[in-house]
Amino acid sequence: MRAVVQRVLSASVEVEGLVVSAIGPGLLVLVGVHEADTDSDADYICRKVLNMRLFPNEKTGKAWDQSVVQRKFDVLLVSQFTLYGILKGNKPDFHVAMPPAKAKLFYATLVEKFQKLYSTDAVKGNIYLHLFVQNAAIHPEFTKLVFL
């Protein structure tokens, strides 16, 4: 499993021109599922993402001191099979990504795990078509890759 974790001021997703999910400050997590991923892989990603200290502590002034949970920020999960893309010549190949039908169920389970460990209201996840992101003003270049 692979995850690209990005700190955002806001992020939203649209389907057919309608906003179907949106978050304020928090984390945008692009999730790629490998054909061999298991529940323990999903558990690892959940724990890692929710506990990474990516936000400043305003009381102490420490820059990388608090998690998304400690700050009570939101998490937007987006399925991104292209994280397992391989270029063969000029053509992308996604044969190591989990097949779509199986991946859809696995991703739904992953979203439920995040919601159970954190909050149903704070964690948003679905299959999305268009993604809009407003990066954080402080360290806008911050993106964290989590590989399992």
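Basically our numbering = 1-based index in the sequence shown + 369. Glycine included, each C-beta is placed from N, C-alpha and C at the ideal position.
What number of angstroms, rounded off, separates the C-alpha of Gln-375 from the C-alpha of Ser-488? Within the sequence shown, residue 375 is the residue found at index 6, counting from 1. Within the sequence shown, residue 488 is the residue found at index 119, counting from 1. Gln-375 and Ser-488: Cα-Cα distance of roughly 19 Å.
Residue closest to Ser-448, alpha-carbon to alpha-carbon, out of Ala-466, Asp-462, Val-437 and Ile-455: Position 79 of the sequence shown, counted from the start, is the residue given in the question as residue 448. If we check each option's Cα against that of Ser-448, Ala-466 comes out closest.
So what does Gln-435 bridge to, in DSSP terms? Looking up residue 435 in the sequence shown gives position 66. For Gln-435, which the question treats as bridged, DSSP gives the partners Phe-424.
On the CB-based measure, 16 or more other CB atoms within 10 Å of its CB, does Gly-458 come out buried or exposed? Here residue 458 corresponds to residue number 89 of the sequence shown, with the count starting at 1. Flag for Gly-458 reads exposed.
As a quick exercise: from Phe-501, Leu-486 and Ala-472, pick the residue whose alpha carbon is nearest that of Val-439. Within the sequence shown, numbered from 1, the residue matching residue 439 stands at position 70. Residue identity check: residue 439 is Gln in the sequence provided, not Val. When each option's Cα is compared against that of Gln-439, the closest is Leu-486.
Boundaries (first-last residue) of the alpha helix (DSSP H) holding Leu-474: In the sequence shown, counting from the first residue as 1, residue 474 sits at position 105. From DSSP, the alpha helix (DSSP H) with Leu-474 extends over 469 to 486.
Using the Cβ count rule (16 or more neighbours within 10 Å means buried), how would you classify Ala-411? Position 42 of the sequence shown holds residue 411. Counting Cβ neighbours within 10 Å, Ala-411 comes out buried, since at least 16 surround it.
Using DSSP with H/G/I as helix, E/B as strand and the rest coil, what is Val-402? Working through the sequence shown from its first residue, we reach residue 402 at position 33. Coil, per DSSP.
Which residue marks the beginning of the beta strand (DSSP E) containing Leu-445, and which one marks its end? Counting from 1 along the sequence shown, the entry for residue 445 is found at position 76. Looking at the DSSP string, the run of the beta strand (DSSP E) that includes Leu-445 is 443 to 448.
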